[in-house]
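Let me begin by presenting the structure, written as structure tokens, before commenting on it.
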Amino acid sequence: MHLRKKEKELFLEGEYLPLKTPESTIAFLRRWKNREVIIAARRFQEKKREKEHFHFLELQNRKWKDLFTDEILHVHKEGVSSQELFPKYPFAIWLPC
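So for the sequence shown, this note's numbering puts the first residue at 2; every next one is plus one.
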């Protein structure tokens with residue numbers, strides 16, 4: 002909630018861009034001026050999906066930092082694994098770094 006207050010315009014005025022994911026996950030990018038955030042969450046918690054890969058073509062060759070864990074996510078052309086997208090929790094908020 003602190004991020005939403007701090008980046009009010011990003012969430013209220015920002016462009017909403019859904020990211021292509023398997024059915025088990027929802028993810029989107031918010032973009033406003035030069036600010037961005039990725040929000041991702043698992044839809045179904047009952048099974049681990051270690052073999053899933055996410056191909057965020059529009060975000061390739063970029064680095065992101067998880068708001069909760071401070072882990073760094075490298076988006077590359079081969080995709081991002083489920084373990085990379087969700088390093089500790091079944092949800093993540095990624096900020097550019």
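Ideal placement from N, C-alpha and C gives every residue a C-beta, glycine not left out.
Mind pulling the beta strand (DSSP E) runs of 3 or more residues that sit fully within the region 40-87?
The region 40-87 contains, as complete beta strand (DSSP E) runs of 3+ residues, the segments 63-67 and 73-76 (chain order).
How is E8 classed by DSSP in three states: helix, strand or coil?
coil
Run through the DSSP bridge pairs and tell me what Y17 is partnered with.
R31
Report back the beta-carbon spacing between W65 and L74 to the nearest angstrom; my notes put them in contact at under 8 Å.
4 Å
For H56 and S82, believed in contact at Cβ under 8 Å, the rounded distance
Their Cβ separation, rounded to whole angstroms, is 11 Å, which puts S82 and H56 out of contact at 8 Å.
Cβ-Cβ separation, L20 to F12 (assumed contact under 8 Å), whole Å
Actually they do not touch by this definition, with Cβ atoms about 16 Å apart.
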